[in-house]
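Only one structure is covered here, and it is reproduced in the block below.
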Amino acid sequence: MKSPLSILLLLLAVIVSLSSCVSASREGLPPGSPFAEKAAVSANLLPQGIAVGDVTSQSALLWLRTDGPMMVQIEWATVAAWDSLSKSGTGITPVVRTPLFTTGQETDFTLAISLEGLTPATRYRWHVFAGTKGRDGAPTEAGMAAQGEFTTLPDVQSHVTVTFAWSGDLGGQGRCRRGAAGYPIFDVMHAQHLDFFLFLGDSIYSDNLCPSPPNEPGADFLAATLPEYRARHRYQRGAEALQRFLSSVPVYAIWDDHEVRNDFSGPFDSQMPAGRQALREYWPIRVEPDDPHRLYRTVHAGADLELFILDTRQYRSLNADQDGPAKTMLGEKQLQWLLSGLTASTATWKVIVTTVPLSIPKGGNADGSGNDGWAGGPGIPGFESVHCPLRS
Numbered sequence: 006m007k008s009p010l011s012i013l014l015l016l017l018a019v020i021v022s023l024s025s026c027v028s029a030s031r032e033g034l035p036p037g038s039p040f041a042e043k044a045a046v047s048a049n050l051l052p053q054g055i056a057v058g059d060v061t062s063q064s065a066l067l068w069l070r071t072d073g074p075m076m077v078q079i080e081w082a083t084v085a086a087w088d089s090l091s092k093s094g095t096g097i098t099p100v101v102r103t104p105l106f107t108t109g110q111e112t113d114f115t116l117a118i119s120l121e122g123l124t125p126a127t128r129y130r131w132h133v134f135a136g137t138k139g140r141d142g143a144p145t146e147a148g149m150a151a152q153g154e155f156t157t158l159p160d161v162q163s164h165v166t167v168t169f170a171w172s173g174d175l176g177g178q179g180r181c182r183r184g185a186a187g188y189p190i191f192d193v194m195h196a197q198h199l200d201f202f203l204f205l206g207d208s209i210y211s212d213n214l215c216p217s218p219p220n221e222p223g224a225d226f227l228a229a230t231l232p233e234y235r236a237r238h239r240y241q242r243g244a245e246a247l248q249r250f251l252s253s254v255p256v257y258a259i260w261d262d263h264e265v266r267n268d269f270s271g272p273f274d275s276q277m278p279a280g281r282q283a284l285r286e287y288w289p290i291r292v293e294p295d296d297p298h299r300l301y302r303t304v305h306a307g308a309d310l311e312l313f314i315l316d317t318r319q320y321r322s323l324n325a326d327q328d329g330p331a332k333t334m335l336g337e338k339q340l341q342w343l344l345s346g347l348t349a350s351t352a353t354w355k356v357i358v359t360t361v362p363l364s365i366p367k368g369g370n371a372d373g374s375g376n377d378g379w380a381g382g383p384g385i386p387g388f389e390s391v392h393c394p395l396r397s
């Protein structure tokens with residue numbers, strides 16, 4: 006659908022959240038941890054880095070992908086607690102440690118782990134440990150694979166300043182990765198001290214080539230199957246600047262069309278399930294137990310800001326259908342969720358997060374198939390009738 010934005014290219018598996026409280030030694034590794042012997046950082050264990058996402062005032066998701074089947078464990082505590090321990094030189098500090106998780110081929114070795122029971126507006130430091138399994142199932146060759154920090158959102162009673170950025174359309178339509186570093190814009194945004202980032206889709210361009218040469222690395226294949234979609238996600242997430250950004254700036258990711266193919270309409274596209282699975286595997290998006298395919302959701306960032314992140318793909322009518330009461334972009338359930346949420350919200354700012362233009366009429370496609378934006382312009386099929394309830 007949309008072409009890359011000039012200001013950027015800008016952002017799994019079932020989530021398990023059991024955890025236990027332990028005491029940490031000075032090195033930050035709890036006694037008895039199977040990973041306590043080796044603490045050197047081994048970056049090659051996580052070739053796509055870490056992504057912190059769907060952060061709330063009391064929880065966060067940490068996403069990762071290992072280089073093959075491995076056992077993984079995460080430890081975290083507040084930065085203040087770690088710093089206090091470091092300054093004192095002795096003593097212990099409370100650290101939360103997850104159980105051991107195993108990454109597997111069924112999810113392309115990706116994993117999203119939920120960190121629960123966090124404190125609002127608090128900075129946390131985390132360590133990820135990874136190791137292979139021996140023949141007896143015990144972890145071997147363990148090491149610290151990554152470490153970093155993030156900040157939880159303020160609670161809904163707090164009137165505080167919130168700074169965030171948004172964009173989409175990453176590395177497609179002739180704009181490809183610049184070597185290992187990838188996309189320098191992410192380092193620029195990282196320096197802005199954002200509270201979070203909204204990735205408004207087209208995180209891959211499955212239907213566009215990045216041939217090699219001249220691009221190095223390149224992605225000189227089109228994706229239409231689950232293995233191919235996964236490979237395109239790996240290509241994007243190998244960019245080092247993007248990895249640095251996602252490891253500390255919470256991201257709220259949603260898809261648009263190029264995670265499947267240009268201008269697709271979900272229920273009518275046979276490739277959608279594979280594209281959706283790859284999206285879930287490669288981004289930290291919480292799973293709704295009663296609706297595992299649901300992607301739309303709400304984010305509360307203090308008392309003054311509430312975001313409504315829309316899924317404009319999965320439930321939409323065909324783009325070429327004539328506008329009218331039967332045509333939908335969101336589906337009835339999501340539309341009612343949005344209208345009810347906007348009505349009930351007490352936030353000063355209510356932000357509707359949409360991956361297609363909400364207020365800009367778009368021209369139709371050359372084949373007369375309409376377009377995938379909210380407003381099609383004079384004589385062009387669009388989704389104007391769905392637009393009306395939002396304006397009122």
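Residue numbers (the working numbering): 6 to 397. Yeah, the Cβ is synthetic: ideal placement off N, Cα and C, and Gly gets one too. All values reported here derive from a predicted model rather than from experimental measurement.
DSSP state of residue i mapped onto helix, strand, coil
{"i": "R266", "result": "coil"}
{"i": "D88", "result": "helix"}
{"i": "R285", "result": "helix"}
{"i": "I259", "result": "strand"}
{"i": "D225", "result": "coil"}
{"i": "V361", "result": "coil"}
{"i": "P272", "result": "helix"}
{"i": "F250", "result": "helix"}
{"i": "T83", "result": "strand"}
{"i": "F114", "result": "coil"}
{"i": "K338", "result": "helix"}
{"i": "Y188", "result": "coil"}
{"i": "R102", "result": "strand"}
{"i": "R237", "result": "helix"}
{"i": "E293", "result": "strand"}
{"i": "R242", "result": "helix"}
{"i": "S390", "result": "helix"}
{"i": "S119", "result": "strand"}
{"i": "M277", "result": "helix"}
{"i": "A2", "result": "With the chain covering only 6 through 397, there is no way to say anything about residue 2."}
{"i": "M75", "result": "coil"}
{"i": "H4", "result": "Because residue 4 is not part of the residues shown, which for the chain are 6 to 397, the question remains open."}
{"i": "L300", "result": "coil"}
Contacts around residue i, its chain only, beta-carbon distance under 8 Å, and the 5 residues preceding and following it disregarded
{"i": "P330", "result": "S390"}
{"i": "D192", "result": "A246, R249, F250"}
{"i": "V161", "result": "S62, H305, G307, A308"}
{"i": "P74", "result": "T107, T108, G109, Q110, F114, T137, K138"}
{"i": "L51", "result": "L69, R70, T71, D72, V133, A135, A150, A151"}
{"i": "A65", "result": "V57, G58, D59, S119, L120, L123, Y129, F155, T157, P255"}
{"i": "T353", "result": "A308, D309, L310"}
Nearest to residue i (by Cα), restricted to the options the options
{"i": "Q63", "options": "A86, D113, T127", "result": "T127"}
{"i": "L69", "options": "H305, Q327, Q152", "result": "Q152"}
{"i": "L284", "options": "P232, D328, Q248, F250", "result": "P232"}
{"i": "R130", "options": "G136, V84, E111", "result": "V84"}
{"i": "A56", "options": "F204, G136, A279", "result": "F204"}
{"i": "I209", "options": "I365, W354, P99, W288", "result": "W288"}
{"i": "I365", "options": "W379, V133, D328", "result": "W379"}
{"i": "P123", "options": "R321, T156, D113, M194", "result": "Note that residue 123 corresponds to Leu in the displayed sequence, not to Pro. Measuring from the Cα of L123, the nearest candidate turns out to be T156."}
{"i": "K355", "options": "G54, F313, A229, T112", "result": "F313"}
{"i": "E80", "options": "S172, E264, K332, G148", "result": "G148"}
{"i": "A196", "options": "V165, S253, A186, K338", "result": "S253"}
{"i": "Y257", "options": "L67, A224, Q53, G54", "result": "L67"}
Cβ-Cβ distance between residue i and residue j below 9 Å
{"i": "A246", "j": "P189", "result": "yes"}
{"i": "L158", "j": "H298", "result": "no"}
{"i": "L344", "j": "L315", "result": "no"}
{"i": "G243", "j": "P222", "result": "yes"}
{"i": "C215", "j": "R239", "result": "no"}
{"i": "T71", "j": "A135", "result": "yes"}
{"i": "S163", "j": "P125", "result": "yes"}
{"i": "R281", "j": "Q319", "result": "yes"}
{"i": "D377", "j": "R302", "result": "no"}
{"i": "D262", "j": "F273", "result": "no"}
{"i": "Q78", "j": "P104", "result": "yes"}
{"i": "V358", "j": "I259", "result": "yes"}
{"i": "T351", "j": "G173", "result": "no"}
{"i": "Q241", "j": "L300", "result": "no"}
C-beta neighbour in chain B for residue i, strict 9 Å
{"i": "T333", "result": "You won't find chain B in this structure, because it holds only one protein chain."}
Chain-order list of residues whose beta-carbon lies under 6 Å from that of residue i (same chain, five-residue window excluded)
{"i": "F201", "result": "F169, P255"}
{"i": "D326", "result": "K332"}
{"i": "V165", "result": "P159, G307"}
Same chain, Cβ closer than 7 Å to residue i, neighbours up to 5 away in sequence not counted
{"i": "V167", "result": "D200, A306, G307, L310"}
{"i": "G271", "result": "M277, R318, Q319, Y320, R321"}
{"i": "A279", "result": "T230, L231, Y234"}
{"i": "G184", "result": "E221"}
{"i": "G346", "result": "T303, F313"}
Contact test: residue i Cβ vs the ligand ATP heavy atom, cutoff 8 Å
{"i": "G307", "result": "The model on display carries no ligand, and the ligand ATP is accordingly not part of it."}
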